[in-house]
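For the sequence shown, the positions run 418 to 503 when this note's numbering is used.
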Amino acid sequence: MDGVSVHVEVPEPLAGRLAAEAARRGVTVEEVAVEALEGVYGPFETTDGGDTLAAFIGCGSSGRHEPFDIAKAPSDLAARKLAHGA
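In structure tokens:
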């Protein structure tokens, strides 16, 4: 796995759970941790070959949980304005 090394201290019980899950699946602790982070923040790579910068922008939590297509957003906004007579 290519990437940046990050040192994160976790409570012992969590470290044990990560290690146990990695051993159960036959993968590294790092792979389990990355998978867990991607579960919260989503994978960094785009699945449609799109711009990785566009995929990164706005990756912080906005409180919205539905998928958001940044390329489709302008047309969606225009349709909503038209529907509301704006």
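Glycine included, each C-beta is placed from N, C-alpha and C at the ideal position.
VAL449 and LEU431 look like a contact to me (Cβ under 8 Å); what is the Cβ gap, rounded to whole Å?
So it is not a contact: roughly 11 Å between Cβ atoms.
Where does GLU429 fall in DSSP's three states?
Reduced to three states, the DSSP call for GLU429 is helix.
With C-beta atoms as the reference, is THR514 less than 8 Å away from ALA453?
Residue 514 lies beyond the residue range present for the chain, which begins at 418 and ends at 503; the question has no answer from this structure.
Just how far apart, CA to CA, sit GLU455 and PRO484?
GLU455 and PRO484: Cα-Cα distance of roughly 15 Å.
Using CA atoms only, rank isn't needed, just tell me which of VAL427, ARG442, VAL451 is closest to VAL421.
Taking only the C-alpha atoms, the option nearest VAL421 is VAL451.
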